[in-house]
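Chemist: full-length UniProt numbering puts the first residue of the sequence shown at 1, with every later residue one more than the last.
The beta-carbon is built from N, C-alpha and C at its ideal position, and this holds for glycine as well.
Can you read through this structure? Questions will come right after.
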Amino acid sequence: MAIKAEYIWIDGTEPAARLRSKTKVVAEAPKEWPIWGFDGSSTNQAPGDMSDCVLKPVRVVPDPIRGGDNVLVMCEVMLIDMSPHPTNTRAALREVAEKYADQEPMFGIEQEYTFFSDGHPLGFPKGGFPAPQGFYYCGVGADEVYGRDIVEAHLDACLTAGLTISGINAEVMPGQWEFQVGPVGPLEVSDEMWLARWLLYRIAEDFDVAATLDPKPVKGDWNGAGAHTNFSTKAMREGYDPIIAACEALGAPGKVEEHVAGYGPDIEHRLTGLHETAPWNEFSYGVSNRGASVRIPWQVAQDKKGYIEDRRPNANMDPYVVTRLITNTICSAAS
Ligand code: ADP
Ligand code: MN
Ligand code: MN
Ligand code: MN
Ligand code: MN
């Protein structure tokens, strides 16, 4: 039977890139999935008179939707001379990941997102608002939880695809959810995050629901959507001084601006200092503190080893950029 390979890539849409994909049908699975091309003039990646862009496979997983021997093929976008396309943020991460591989950096990313149906968040009554926040986080029951069938289908799909999902939970605002990827290395967590996002959109599509990574989907007294990024090196997993050194490195002069600029568009609308966030332009860290930029989990302070949580990245961040910034800042300070 013919095999369907869904080639997936990241486009050039500003300010937040989008996922694109198309299907290649082959008679039998090749040993190595070949490069392919697409029309970059339709994805904000090329002018019409020089429209060809190249897809280079970097990670192939079983396709949980089509099943059988069908696959999902995560790709990097290249120019026709096979150098990285300017929108290819994975290429820069490759270099940093390789440079600091001896420190064994690991990431776990918490992806928050919001379901929308008919232009309003799932669970919001048409033209109005549900009861204020307070019962929705990790809730149960039809009056508190919206979209669980989609969330369960997505979790199963991610597991069937072999992605390193470590958990899911309902979030503080109705229709808002989270899944966590990791802990694995910087390239792995980022490739898996993009694949998990693609699966989320694709599965929600079957329920006529749109999943969005909008960092502040409802203005006012409603939680935004973030992508808390948990990080450790081998040294941090073995002792406490490197944990403190990592926090200090993130707060060093110039680093706050550099990181926040790469943590997702519209970050200042989410990091207001309210709703479990710190102000975007001030750096702080602390044990158990969900109002700090960086949190040292209670258990980590207790064990005197483990990881730190950078709470600043937006839901709409590019994991290739965020993991590059964090790896570079913390590992260069430690070497
Ligand atoms: P919370 O909601 O309390 O902030 P979660 O349970 O949602 O925490 O997420 C914790 C994340 O930390 C998970 O993604 C997990 O993979 C990650 N994690 C656990 N240990 C490590 C580690 N040593 N290095 C990096 N990430 C880690
Ligand atoms: Mn065509
Ligand atoms: Mn979480
Ligand atoms: Mn959360
Ligand atoms: Mn968190």
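Are Gln180 and Ile165 close, meaning C-beta to C-beta below 8 Å?
Modeler: Working through the sequence shown from its first residue, we reach residue 180 at position 180. Working through the sequence shown from its first residue, we reach residue 165 at position 165. Yes, the pair counts as a contact, with Cβ atoms nearer than the cut-off.
Chemist: Kindly provide the ranges of any beta strand (DSSP E) runs that are 3 or more residues long and lie completely inside the stretch 219-260, ordered along the chain.
Modeler: As far as the stretch 219-260 is concerned, its whole beta strand (DSSP E) runs of at least 3 residues are 229-232.
Chemist: Please report how far the alpha carbon of Tyr113 lies from the alpha carbon of Gly134, in whole angstroms.
Modeler: Translated into positions along the sequence shown, residue 113 becomes position 113. Translated into positions along the sequence shown, residue 134 becomes position 134. Approximately 18 Å between the Cα atoms of the pair.
Chemist: Comparing alpha-carbon positions, which option in Trp298, Val58 and Ser42 lies nearest Leu187?
Modeler: Along the sequence shown, read from residue 1 onward, the residue named residue 187 stands at position 187. The shortest Cα separation from Leu187 among Trp298, Val58 and Ser42 belongs to Val58.
Chemist: Quick one, what's near ligand 5 if you take every residue whose CB is closer than 7 Å to any heavy atom, in chain order?
Modeler: The answer, residue by residue, is Glu110, His228, Glu309 and Arg311.
Chemist: Nearer than 7 Å: is that true of the beta carbon of Gln133 relative to any heavy atom of ligand 3?
Modeler: What you label residue 133 is simply residue 133 of the sequence shown in a count that begins at 1. It does not: the Cβ of Gln133 is nowhere closer than 7 Å to a heavy atom of ligand 3.
Chemist: What are the boundary residues of the alpha helix (DSSP H) that Lys99 is part of?
Modeler: To locate residue 99, count along the sequence shown from 1; it is residue 99. Per DSSP, Lys99 belongs to the alpha helix (DSSP H) from Arg90 to Lys99.
Chemist: Please state the DSSP three-state secondary structure of Ala131.
Modeler: The residue given as residue 131 occupies position 131 in the sequence shown. Of the three classes helix, strand and coil, the one that applies to Ala131 here is coil, per DSSP.
Chemist: So who's on the other strand from Tyr136, going by DSSP bridges?
Modeler: Counting from one through the sequence shown, the residue named residue 136 turns up at place 136. Partner(s): none; Tyr136 has no beta bridge.
Chemist: For Phe283, I'd like the list of residues in its chain whose CB is within less than 6 Å of its CB, leaving aside the five on either flank, ordered along the chain.
Modeler: Taking the sequence shown and counting its residues from 1, one reaches residue 283 at position 283. Closer than 6 Å at Cβ, skipping near neighbours: Gly251, Val256 and Ser293.
Chemist: Check whether the Cβ atoms of Thr323 and Leu93 sit closer than 8 Å, and answer yes or no.
Modeler: Mapped onto the sequence shown, residue 323 falls at position 323. Mapped onto the sequence shown, residue 93 falls at position 93. Yes, Cβ-Cβ distance for Thr323 and Leu93 is below 8 Å.
Chemist: Beta carbon of Gln176: closer than 7 Å to some heavy atom of ligand 3?
Modeler: As a working note, residue 176 is residue 176 in the sequence shown. Gln176: no, Cβ never under 7 Å from ligand 3.
Chemist: Cβ of Gln180 versus every heavy atom of ligand 3: is any distance shorter than 7 Å?
Modeler: Looking up residue 180 in the sequence shown gives position 180. Yes, the Cβ of Gln180 comes within 7 Å of a heavy atom of ligand 3.
Chemist: Run through the stretch 147-171 for me and flag every whole beta strand (DSSP E) of 3 or more residues, listed as ranges in chain order.
Modeler: Within the stretch 147-171, the complete beta strand (DSSP E) runs of at least 3 residues are 165-170.
Chemist: Kindly examine ligand 4 and report whether one of its heavy atoms sits closer than 7 Å to the Cβ of Glu171.
Modeler: Taking the first residue of the sequence shown as 1, we reach residue 171 at position 171. At least one heavy atom of ligand 4 is nearer than 7 Å to the Cβ of Glu171, so yes.
Chemist: Would you say the stretch 270-290 touches the stretch 49-57, given that touching needs at least three Cβ pairs under 8 Å?
Modeler: No: fewer than three Cβ pairs fall under 8 Å.
Chemist: In chain order, what residues of the same chain lie with their CB nearer than 7 Å to the CB of Pro30, ignoring the 5 residues before and after it?
Modeler: Locating residue 30 in the sequence shown gives position 30, counting from the first residue. Counting only Cβ-Cβ distances below 7 Å, and skipping sequence neighbours, we find nothing.
Chemist: Might you give, ordered along the chain, the residues of its own chain that have their beta carbon closer than 7 Å to the beta carbon of His85, omitting 5 neighbours on each side?
Modeler: The sequence position of residue 85 within the sequence shown is 85, counting from 1. Excluding residues within five positions, the ones whose Cβ falls inside 7 Å are Gln45, Cys53, Val77, Met78 and Leu79.
Chemist: With a cut-off of 8 Å, do at least 3 Cβ pairs link the stretch 19-26 to the stretch 1-9?
Modeler: Taking 8 Å as the limit for Cβ pairs, the verdict is that the stretch 1-9 does touch the stretch 19-26.
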